[in-house]
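With the numbering used here applied, the sequence shown covers 18 to 231.
We put the CB at the ideal spot given by N, CA and C, even for glycine.
Remember, it's a predicted structure, so these values are computed and weren't measured experimentally.
Scroll down for the structure; my scribbles are underneath it.
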Amino acid sequence: MTTSDTRPSAWSLTIADITQAAVFAALIAALGLPGTITVGTAGVPITFQTLGVMLAGAILGPKKGTLSVVIFMVLAIAGLPILSGGRNGLTALSSPTAGFFVGFLPGVIVIGVLTALMMWTRTRSQTVPRYRVLPGIVINIIGGILVVYICGTIGLMIRADMTLWAAIAANGWFILGDAIKAVVAAVVAAQVHRGWPGLIGPLRRPTHEASPSN
Numbered sequence: 018m019t020t021s022d023t024r025p026s027a028w029s030l031t032i033a034d035i036t037q038a039a040v041f042a043a044l045i046a047a048l049g050l051p052g053t054i055t056v057g058t059a060g061v062p063i064t065f066q067t068l069g070v071m072l073a074g075a076i077l078g079p080k081k082g083t084l085s086v087v088i089f090m091v092l093a094i095a096g097l098p099i100l101s102g103g104r105n106g107l108t109a110l111s112s113p114t115a116g117f118f119v120g121f122l123p124g125v126i127v128i129g130v131l132t133a134l135m136m137w138t139r140t141r142s143q144t145v146p147r148y149r150v151l152p153g154i155v156i157n158i159i160g161g162i163l164v165v166y167i168c169g170t171i172g173l174m175i176r177a178d179m180t181l182w183a184a185i186a187a188n189g190w191f192i193l194g195d196a197i198k199a200v201v202a203a204v205v206a207a208q209v210h211r212g213w214p215g216l217i218g219p220l221r222r223p224t225h226e227a228s229p230s231n
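Quick look at the structure:
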């Protein structure tokens, strides 16, 4: 007879998880307070909120990081002026920046998943994950720049009626600044994980522990 496993799923949420996600949703909103600088002909603003998305994925991982961005996006779409420049989500979705706003969600998912894999890979003990800065920078670039830019490019083509190459070229204004954000997010994440280990758990619960049977 095998006893049932009553341990919570690796993807279940606790009150502490929800609280952490809410704090990072507030952080992303706060990073929009400095306002925006619009560059280029496409009218896409430079914003610090992509840094918040990178931090959410790199510090909280795929589960809590995704929840934080979902909370932020839902509040923005509900009409709260928490996007950079005091805009709300509906305004963003009807503008050339729609793709960048939508890209926050797949961006944080990619960063969170890859960060969890990085921290729990090559770790013999499943209780001591380690965040590494250089791989973290690469992960932030993949999720926070590449994924967001792909979504943003599609949005520019749809909302601004730009050609593919013109939309891709419009992203060139932001590469340096976003690369700096990727580095900053990785350095901050490394310090946070060193001080508060265990913020990101494994994507799957270890299965090496056999259930008792008789």
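- Annotation for N157: the continuous alpha helix (DSSP H) segment containing it runs 150-158.
- DSSP, read as helix, strand or coil, puts I63 in strand.
- Between A133 and F89, the C-beta spacing is not below 8 Å.
- A contact between stretches requires three or more CB pairs, one per stretch, nearer than 8 Å, and the segment 102-122 meets this requirement with the segment 166-186.
- With respect to the 8 Å criterion, A46 and I99 are classified as neighbours on the basis of their beta carbons.
- The segment 50-129 contains, as complete beta strand (DSSP E) runs of 3+ residues, the segments 54-56, 61-63 (chain order).
- Going by DSSP, D178 is part of no alpha helix (DSSP H) at all; its letter is neither H nor E.
- Rounded to the nearest angstrom, the gap between the Cα atoms of P146 and I158 is 21 Å.
- For M135, the closest C-alpha among the options G120, V119, I156 is that of I156.
- In this structure, V127 lies near G160, with their beta-carbon atoms less than 8 Å apart.
- At the C-beta level, G82 and V125 come within 8 Å of one another.
- Boundaries of the alpha helix (DSSP H) around R211: 192-212.
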